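J.:
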Amino acid sequence: GLESETIALPDEVVTINDLIPWLMTRRGEWKKALAGTLKITVNRRFVGMVDMIRDGDEIAFVLVAEENIR
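Mapping of the sequence shown onto my numbering: position 58 corresponds to residue 56, and the numbering continues sequentially without gaps.
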């Protein structure tokens, strides 16, 4: 996977819930990476799917190991 990538989001991508399907249409690597159970951070704070994202935000996807899901 990628360590980091800088991308320009279209205007209609305003939440994490908008971002994930948009990323999955970009390249096969994103579809595979986003298929697992994830926790998501924006500017190093854990967020939910309806949290807003803005230009310049740092977004990270943290894969959660199956044995840690409870």
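The beta carbon of each residue, even a glycine, is placed where N, CA and C say it ideally should be. Since this is a predicted model, take the numbers as computed values, not measurements.
1) When DSSP labels each residue in this structure, what does residue 33 get in the three-state scheme?
2) Can you tell which of 45, 59 and 2 has the C-alpha that lies nearest to the C-alpha of residue 33?
3) Tell me which residue opens and which closes the beta strand (DSSP E) that residue 57 is part of.
4) With a cut-off of 8 angstroms on the beta carbons, I'd call residue 50 and residue 4 a contact; round off their distance for me.
5) Which residue's Cα is closest to the Cα of residue 17: 62, 43, 63 and 48?
T.: In short, the structure shows the following:
1) In the sequence shown, residue 33 corresponds to position 35, counting from 1. DSSP places residue 33 outside both helix and strand once states are collapsed to three, so it counts as coil.
2) Looking up residue 33 in the sequence shown gives position 35. The residue among 45, 59 and 2 with its C-alpha nearest the C-alpha of residue 33 is 59.
3) As a working mapping, residue 57 is identified with position 59 in the sequence shown. Residue 57: member of the beta strand (DSSP E) spanning 57 to 61, first to last residue.
4) Sequence index remark: in the sequence shown, residue 50 carries index 52 (1-based). Sequence index remark: in the sequence shown, residue 4 carries index 6 (1-based). Going by Cβ atoms, the distance from residue 50 to residue 4 rounds to 19 angstroms, so no, they are not a contact pair.
5) Stepping through the sequence shown from its first residue, residue 17 is reached at position 19. Comparing alpha carbon positions, the residue from 62, 43, 63 and 48 closest to residue 17 is 48.
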